[in-house]
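The opening position of the sequence shown corresponds to residue 1 in the UniProt record's numbering, with each subsequent residue numbered one higher. Accompanying notes for the structure given below.
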Amino acid sequence: MNEAQRHELFARLRSANPEPVTELEHASTFQLLIAVILSAQATDKSVNLATRKLFADAPTPQAVLALGESGLTPYINRIGLYQSKARNVIATCRQLLDRHRGEVPSSRAALEALPGVGRKTANVVLNTAFGEPTIAVDTHIFRVANRTGLAVGSAPLAVERELLQSVPEEFRQSAHHWLLLHGRYVCKARKPDCWRCSLADLCAYPTKADDPGGAPGG
1 MNEAQRHELF ARLRSANPEP VTELEHASTF QLLIAVILSA QATDKSVNLA TRKLFADAPT
61 PQAVLALGES GLTPYINRIG LYQSKARNVI ATCRQLLDRH RGEVPSSRAA LEALPGVGRK
121 TANVVLNTAF GEPTIAVDTH IFRVANRTGL AVGSAPLAVE RELLQSVPEE FRQSAHHWLL
181 LHGRYVCKAR KPDCWRCSLA DLCAYPTKAD DPGGAPGG
């Protein structure tokens, strides 16, 4: 995909959704951090169902820490890997209080030092909470980037680095959300909705899916 095509791709995504936001519900940077930790290998819908009740009862690191693992587990036990996530969330709350005065740090190194926080989680927090033009390459973004030819790579970090170089600067701040939402709702894993994709004519994906209603694919 050349520079003009990349610019056109993001211009179309921006036109359709000028101010994209995360679908994880939160009322503070701390709540965003916890929601992202919980979202690993889980849907945003399942996380939101859990955190609505959790954050109503325990909205701060002090309150979540006071729950302990046994108290936190009933809130999140319908989320995948909930036992390890409970341990990580409690340990993260303790570390936020011990090392950061209860505030979520704004540096990558400090974020990645928190239990349960890897590069992808740190990127989401840096982008969504602190306005950094980072791109967290999850399965949706990895798929869209490779299918379209926007950024081709065999591993998430390679795709992230390519995206940070190839996404035009004016679009970089919101690129994460645009690509994620496009992958979630249009460029789906098993059968992408190429027939209704606004990017189809720019996309390098070789076998575009047809409209189930009978219209040819784009």
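Glycine is no exception: its CB is placed at the ideal position from the N, C-alpha and C atoms. Since the model is a prediction, treat every value here as computed from it, not as a measurement.
If you check the CB distance, residue 105 and residue 111 come in under 8 Å. One Cα belongs to residue 31, the other to residue 92, and the distance between them is close to 12 Å. A straight-line Cα-Cα distance of about 23 Å links residue 206 and residue 11. Contact check between the region 161–174 and the region 2–10: three or more CB pairs, one atom from each, fall below 8 Å, which counts as touching. The criterion of a C-beta distance shorter than 8 Å is not satisfied by residue 187 and residue 119. Nearest Cα to residue 196 within the set 204, 185, 29: 185. Take residue 127, set aside five residues on each side of it, and the residues of its chain with a beta-carbon closer than 6 Å to its own are 134, 176, in chain order. At least 8 Å separates the beta-carbon of residue 2 from that of residue 178. The beta-carbon separation of residue 156 and residue 137, rounded to 4 Å, stays under the 8 Å limit for a contact. Around the beta carbon of residue 190, a 10 Å sphere encloses fewer than 16 other beta carbons of the protein chains shown; the residue is thus reported as exposed.
Out of 56, 123, 116, the CA that lies nearest to the CA of residue 28 is found in 56.
In summary, residue 77 is exposed, with fewer than 16 beta-carbon neighbours lying within 10 Å of its beta-carbon over all protein chains present. Following the DSSP letters along the chain, one finds residue 120 inside the alpha helix (DSSP H) bounded by residues 119–128. Rounded to whole angstroms, the Cβ separation of residue 89 and residue 72 is 6 Å, and the two are in contact under 8 Å.
Within the same chain, and ignoring the five residues on either side of residue 37 in sequence, the residues whose Cβ sits closer than 8 Å to its Cβ are 85, 88, 89, 92, 116, 117, 121.
For the pair residue 41 and residue 20, the Cα-to-Cα distance works out to about 22 Å. Here the C-alpha atom of residue 61 lies approximately 8 Å from the C-alpha atom of residue 94. In this structure, residue 53 places its C-beta atom within 8 Å of the C-beta atom of residue 75. Counting C-beta atoms within 10 angstroms of its own C-beta, residue 160 has 16 or more neighbours from the protein chains shown and is therefore classed as buried. Within the region 139–191, the complete alpha helix (DSSP H) segments at least 4 residues long are 139–148, 156–166, 172–185, listed from N- to C-terminus.
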